[in-house]
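S.K.:
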Amino acid sequence: MPIRSKRRDSLMQNRIAVVALDLDGVLFDGPSAAYPLAKQLGLEEAFVGVVRKQLSLRDSIIQGARIWTGIPVDGTLDPLVEKIPLMLGAEETVKSLRQLGYRVGCVSSGVSQFFMKPFSRRLNLEFAFSNTLGEKDGKHDGTVKYVMEGPQKAAKVLQYLKSKGFSSRNLASVGDGENDLDLFKLSSLSIAFNPQTERVSQAASVTIRSKDLRTILPYFETA
Numbered sequence: 148m149p150i151r152s153k154r155r156d157s158l159m160q161n162r163i164a165v166v167a168l169d170l171d172g173v174l175f176d177g178p179s180a181a182y183p184l185a186k187q188l189g190l191e192e193a194f195v196g197v198v199r200k201q202l203s204l205r206d207s208i209i210q211g212a213r214i215w216t217g218i219p220v221d222g223t224l225d226p227l228v229e230k231i232p233l234m235l236g237a238e239e240t241v242k243s244l245r246q247l248g249y250r251v252g253c254v255s256s257g258v259s260q261f262f263m264k265p266f267s268r269r270l271n272l273e274f275a276f277s278n279t280l281g282e283k284d285g286k287h288d289g290t291v292k293y294v295m296e297g298p299q300k301a302a303k304v305l306q307y308l309k310s311k312g313f314s315s316r317n318l319a320s321v322g323d324g325e326n327d328l329d330l331f332k333l334s335s336l337s338i339a340f341n342p343q344t345e346r347v348s349q350a351a352s353v354t355i356r357s358k359d360l361r362t363i364l365p366y367f368e369t370a
């Protein structure tokens, strides 16, 4: 349930139209939605090895991309993505937000376009942004073409807003990590969902600690 709310009385001043959701810790119940896929493909040891290095976000993305080298990009991941466990209430939350008239999407630093394409279909998202990994001859080549750090998250969403005739006043975002801070700054309404640090909580309009994503819905039913 919500434990802290700032500017609640002012939320009605700007009509929210677009909702950007983080993946890991928000739509996915866990620190890494890529991990179940790596495990299924026999890449668990290599994946965990990168995590244990405690690298910067950028370096972890670059080194993490290498473990997928040789994995086909022709839809091999699709059935695995369809089966990953979601946060409780995730599908209902996206559906409810769309029924309320919001444009709903996901922006993530933890996965690639090869994950996001089937994931976007699964949840019927209107936009989905992620790291862009390289490919050669129909397989992952271990390179990264675009690294999705915090500033890039905000830039991609802002680009989307402008393309649809919206501004940051029309944006709400939901995240849990410090790589969401730039997106929070951009947003008219920001929700820290089970924030990883106090800094994330302090940066958000609202803090929610719950294992049910549907707890964010009251803030959009009146926004």
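Sequential numbering from 148 applies to the sequence shown in the working numbering. Backbone N, C-alpha and C define an ideal beta-carbon position, used for all residues, glycine too. Only a predicted model underlies this, so the values are computations on that prediction, with no experimental measurement involved.
Compute the distance between the beta-carbons of serine 255 and methionine 295, then report whether it is under 8 Å.
M.R.: Yes, these two residues count as a Cβ contact at 8 Å.
S.K.: Mind reading off the beta-carbon distance from phenylalanine 331 to alanine 350? Whole number of angstroms is fine, and I expect it under 8 Å.
M.R.: With a Cβ gap of about 5 Å, phenylalanine 331 and alanine 350 count as contacting.
S.K.: Using CA coordinates, which residue listed in Gly236, Asp284, Val291 is at the minimum distance from serine 277?
M.R.: Nearest of Gly236, Asp284, Val291 to serine 277, Cα basis: Val291.
S.K.: Terminal residues of the continuous beta strand (DSSP E) containing serine 256?
M.R.: 250-259
S.K.: Between which two residues does the beta strand (DSSP E) carrying alanine 351 extend?
M.R.: Unbroken run through alanine 351: none, as it is neither H nor E.
S.K.: Determine the extent of the beta strand (DSSP E) in which glycine 281 is found, giving its start and end residues.
M.R.: 274-283
S.K.: Determine the direct distance from the alpha carbon of serine 207 to that of valine 197, and round the result to whole angstroms.
M.R.: Valine 197 and serine 207 have their C-alpha atoms spaced approximately 7 Å apart.
S.K.: Can you say whether threonine 354 is buried or exposed, counting buried as having 16 or more other CB atoms within 10 angstroms of its CB?
M.R.: buried
S.K.: For chain D, is any of its Cβ atoms less than 8 Å away from the one on proline 178?
M.R.: No chain D is present in this structure, which holds just one protein chain.
S.K.: Excluding five sequence neighbours on each side, which residues of the same chain lie with their C-beta closer than 8 Å to the C-beta of leucine 308?
M.R.: Val165, Ser314, Ser315, Asn317, Leu318
S.K.: Is there contact between the region 266-286 and the region 181-194, where contact requires at least three CB pairs shorter than 8 Å?
M.R.: no
S.K.: Hey, how far is the Cα of glutamate 345 from the Cα of proline 265?
M.R.: 33 Å
S.K.: Look at the alpha carbon of threonine 223 and the alpha carbon of glutamate 229, and state the distance between them as a whole number of angstroms.
M.R.: Between the C-alpha atoms of threonine 223 and glutamate 229 there is a straight-line separation of about 11 Å.
S.K.: How many Å lie between phenylalanine 261 and aspartate 284 at the Cα?
M.R.: 15 Å
S.K.: What residues match up with isoleucine 338 in a beta bridge as DSSP calls it?
M.R.: Val321, Val353
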